[in-house]
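Chains A and B, in that order, give the protein sequences.
The numbers in the numbering used here rise by one with no breaks, and the one at position 38 of the first sequence is 38.
Count along the second sequence starting at 1, add 279, and that's the number in the numbering used here.
Every residue gets a Cβ at the ideal spot worked out from N, C-alpha and C, and that includes glycine.
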Amino acid sequence: FVIDEESLDGLLEELEIALLSSDVEVEVTREIKDRVRDSLVGEKKHWRESKEDLVVDALHDALVDVLEVDGFDFDSYVQDAEKPVVVVFTGVNGVGKTTSIAKIAERLENQGLSSVMANGDTYRAGANQQIQEHAEALDKKVIVREQGSDPTSVIYDAVEHAEANDVDVVLGDTAGRLHTSDDLMKQLEKIERVVEPDLTLFVDEAVAGQDAVERAREFDSAAEIDGVVLTKADADAQGGAAISISHVTGKPIVFLGTGQGYSDLEEFDAEELVDRLLE
Amino acid sequence: GLGSSLQDALEKLAGSSRIDEESVEEVVKDIQRALLQADVDVDLVMELSDSIRERSLSEEPPAGTSAREHVLHIVYEEMVEIVGDETEFPLDSQTILLSGLQGSGKTTSSAKIARWFNRKGLRAGIVQTDTFRPGAHEQSRQMAERAEVPCHVDPDADDPVEIAREGLEALDDCDVKIVDTAGRHALEAELIDEIEAIEHEVQPDLNLLVLDASIGQGAKDQAQAFEEAVGVDGVVITKLDGTAKGGGALTAVHQTDSSIAFIGVGEDVEDIERFDPDGFISRLLG
Ligand SMILES: Nc1nc2c(ncn2[C@@H]2O[C@H](COP(=O)(O)OP(=O)(O)OP(=O)(O)O)[C@@H](O)[C@H]2O)c(=O)[nH]1
Ligand SMILES: Nc1nc2c(ncn2[C@@H]2O[C@H](COP(=O)(O)OP(=O)(O)OP(=O)(O)O)[C@@H](O)[C@H]2O)c(=O)[nH]1
Ligand SMILES: [Mg+2]
Ligand SMILES: [Mg+2]
Numbered sequence: 001f002v003i004d005e006e007s008l009d010g011l012l013e014e015l016e017i018a019l020l021s022s023d024v025e026v027e028v029t030r031e032i033k034d035r036v037r038d039s040l041v042g043e044k045k046h047w048r049e050s051k052e053d054l055v056v057d058a059l060h061d062a063l064v065d066v067l068e069v070d071g072f073d074f075d076s077y078v079q080d081a082e083k084p085v086v087v088v089f090t091g092v093n094g095v096g097k098t099t100s101i102a103k104i105a106e107r108l109e110n111q112g113l114s115s116v117m118a119n120g121d122t123y124r125a126g127a128n129q130q131i132q133e134h135a136e137a138l139d140k141k142v143i144v145r146e147q148g149s150d151p152t153s154v155i156y157d158a159v160e161h162a163e164a165n166d167v168d169v170v171l172g173d174t175a176g177r178l179h180t181s182d183d184l185m186k187q188l189e190k191i192e193r194v195v196e197p198d199l200t201l202f203v204d205e206a207v208a209g210q211d212a213v214e215r216a217r218e219f220d221s222a223a224e225i226d227g228v229v230l231t232k233a234d235a236d237a238q239g240g241a242a243i244s245i246s247h248v249t250g251k252p253i254v255f256l257g258t259g260q261g262y263s264d265l266e267e268f269d270a271e272e273l274v275d276r277l278l279e
Numbered sequence: 280g281l282g283s284s285l286q287d288a289l290e291k292l293a294g295s296s297r298i299d300e301e302s303v304e305e306v307v308k309d310i311q312r313a314l315l316q317a318d319v320d321v322d323l324v325m326e327l328s329d330s331i332r333e334r335s336l337s338e339e340p341p342a343g344t345s346a347r348e349h350v351l352h353i354v355y356e357e358m359v360e361i362v363g364d365e366t367e368f369p370l371d372s373q374t375i376l377l378s379g380l381q382g383s384g385k386t387t388s389s390a391k392i393a394r395w396f397n398r399k400g401l402r403a404g405i406v407q408t409d410t411f412r413p414g415a416h417e418q419s420r421q422m423a424e425r426a427e428v429p430c431h432v433d434p435d436a437d438d439p440v441e442i443a444r445e446g447l448e449a450l451d452d453c454d455v456k457i458v459d460t461a462g463r464h465a466l467e468a469e470l471i472d473e474i475e476a477i478e479h480e481v482q483p484d485l486n487l488l489v490l491d492a493s494i495g496q497g498a499k500d501q502a503q504a505f506e507e508a509v510g511v512d513g514v515v516i517t518k519l520d521g522t523a524k525g526g527g528a529l530t531a532v533h534q535t536d537s538s539i540a541f542i543g544v545g546e547d548v549e550d551i552e553r554f555d556p557d558g559f560i561s562r563l564l565g
């Protein structure tokens, strides 16, 4: 028999609550709910499937669709691209940019690719020390300049260093910044304009709630991000932020940060996240 | 946020002195949406909307109050009930322990809070017990310098409990001692054990949970874990200079039966304020 709107609505409401409790943003949840309803209303229901199963399956597909938006494989991109590949990392304060850069440097090393880090965070207390200690632990080179220097020139220096020394990848760190700071967002635009990175990765944390959408939008318009690194997925975050960010930017999640160690970095798997979210 | 939609919803009640179920339901739906958009825990949102609905329908608006004003007043009352007043603590000698998730703003807040006490005429100092994060010592040193307060760090030590003990001794002539700790979350069992051990050594007068204003639905479980591990006397909400509404802090306060002690509104040591319930609630509701 055919599925009618009324019987769907009750189930969809429950699913809406489930998505919201998993940190999917309010508007995004509504759009997904509508998408699921449209895909199901008028559909013929197979005698074996329960209405609930049909809705959950449709929701599963809708969510995976949102997440698998034009995915790109970071590893193969870097392998094939002309060297040096310049990657700039940006995001709000404390999300895990610096730690993620260290993890990626390690990952590249394991794949036989050399990298140099650049500390474009010339502002925060202890920023130089932090990235220097990572570099030391990983036995990698890092370009730093004294506090107060122009971040653009630090990253630029690193690119020149990479070109002169045949280094494969430049990993450019930047200071955490809130999208509410005009000055800092302008500074980010300038870094992008002058450095012209091959990739700009937006770093955000899986524990973030509704605000993840707002900042993804703002950063995307300031810096045209190519992909997202979602950190702190190990903190039992449901991962709704991933859905919201991908939906709003249309950009893929490239990596998941799953802990504080150098090997705690995973390739993002949309199916896995959706299965977990819906269980 | 709720601002426009609550105003719209309440417009539907404008001019009416009677509050009917249907229009209250519309208002409640808008409130739910605003609270969820502000990151308030889903269960708490349901709890709040139930009381708002029930009170709106059963309570008589006071003479001369429109239905609209009546409902708005109920919403505010219910929110104030949850959030409470700013955390009370003496302007006197005490030890404060800061804990919270990775990157929430503890180290920055330790310097802000130390400076805040300084400006009240007390001598404050910081103990950095983070043995894990690269550059933590240098970060604390620099922040302490900006706040013009002493700071005890021990880059070569690897036992946070030991550092806490030595640090409290070293800062003996400080009235207020603020103990900073490494970030940790509910699922890191060893780290939860560690903060319990640190707390046991420090015996703080005030246990503050430092929360990022943008934390989502995970706030409830995280607050619960810290409540069980060390007990939460107050919450510090950081990064309120962004667009996050801080609903997670509301959840945390509700979960731990505590209150909000300070808010962080920027990266510099002066960017700290005491908590103002009305300001917080009107910002949260949009
Ligand atoms: N549990 C967990 N912690 C993480 C993860 N990624 C980073 N962290 C921690 O989060 C905290 C902040 O990390 P940083 O790398 O300093 O973050 P950031 O974005 O560079 O911060 P700012 O430069 O200050 O904006 C540190 O304590 C990290 O160890 C992760 O995937 N899981
Ligand atoms: N805009 C803004 N940034 C803040 C605020 N509080 C802290 N930050 C920034 O947030 C980032 C993280 O702050 P930290 O003090 O290192 O956080 P933490 O909790 O000590 O981090 P871990 O020790 O790694 O767990 C830094 O970039 C700070 O400058 C605030 O109120 N507003
Ligand atoms: Mg950093
Ligand atoms: Mg810290």
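Within 10 angstroms of the beta-carbon of residue 142 (chain A) lie 16 or more other beta-carbons, which makes it buried. The Cβ-Cβ distance between residue 230 (chain A) and residue 199 (chain A) does not fall below 7 Å. Counting only the Cα atoms, residue 401 (chain B) lies some 16 Å from residue 447 (chain B). Set against 6 Å, the gap from the CB of residue 518 (chain B) to the closest heavy atom of ligand 3 is not smaller.
Rounded to the nearest whole angstrom, the CA to CA distance from residue 325 (chain B) to residue 564 (chain B) is 16 Å. As far as DSSP is concerned, residue 501 (chain B) takes part in no beta bridge.
Taking a cut-off of 8 Å for Cβ pairs, the segment 467-476 of chain B and the segment 352-369 of chain B do not touch, as fewer than three such pairs fall below it. Close to ligand 4, as judged by a C-beta nearer than 7 Å to any of its heavy atoms, are the residues B:385, B:386, B:409, B:412, B:415, B:418, B:459, B:461, B:462, in chain order.
The beta carbon of residue 264 (chain A) sits closer than 8 Å to those of 103, 234, 257, 258, all from its chain and outside the five residues before and after it, given in chain order.
For residue 208 (chain A), the three-state secondary structure derived from DSSP is strand. For residue 180 (chain A), the neighbours in chain B by C-beta distance under 8 Å run, in chain order, 520, 521, 522.
Membership of residue 144 (chain A) in any beta strand (DSSP E) is not indicated, and neither H nor E is assigned to it by DSSP. If the five residues before and after residue 383 (chain B) are omitted, its C-beta is found closer than 7 Å to the C-beta atoms of 462, 489, 490, 491, 517, all from its own chain and listed in chain order.
Between the C-alpha atoms of residue 466 (chain B) and residue 232 (chain A) there is a straight-line separation of about 11 Å.
An exposed status is given to residue 163 (chain A), since fewer than 16 other beta-carbon atoms sit within 10 Å of its beta-carbon. Counting the other Cβ atoms within 10 Å of the Cβ of residue 524 (chain B) gives 16 or more, which makes it buried. Rounded to the nearest whole angstrom, the CA to CA distance from residue 399 (chain B) to residue 367 (chain B) is 15 Å. In this chain, residue 309 (chain B) is not harboured by any beta strand (DSSP E); it is covered by the alpha helix (DSSP H) spanning 300-316.
Residues of chain B with a Cβ closer than 7 Å to the Cβ of residue 209 (chain A) are, in chain order, 318, 493, 494, 495, 496, 527. Of the residues A:203, A:137, A:79, the one whose Cα lies closest to the Cα of residue 111 (chain A) is A:79. Contact check between the segment 519-536 of chain B and the segment 308-328 of chain B: three or more CB pairs, one atom from each, fall below 8 Å, which counts as touching. Each of B:346, B:443, B:415, B:459 was checked against the Cα of residue 298 (chain B), and the nearest Cα belongs to B:346. With a cutoff of 7 Å on beta-carbon distance, residue 194 (chain A) and residue 97 (chain A) are scored as not near each other. Bridge partners of residue 115 (chain A) according to DSSP: A:169. The beta carbon of residue 473 (chain B) sits no closer than 7 Å to any beta carbon of chain A. Close to chain B, meaning a Cβ-Cβ distance shorter than 9 Å, are the following residues of the segment 120-135 of chain A: 123, 124, 125, 126, 127, 128, 129, 130, 131, 132, 133, 134.
With a threshold of 6 Å, the Cβ atom of residue 234 (chain A) counts as near ligand 1, since some heavy atom of the ligand is closer than that. Residue pairing by DSSP puts residue 378 (chain B) in a beta bridge opposite B:488.
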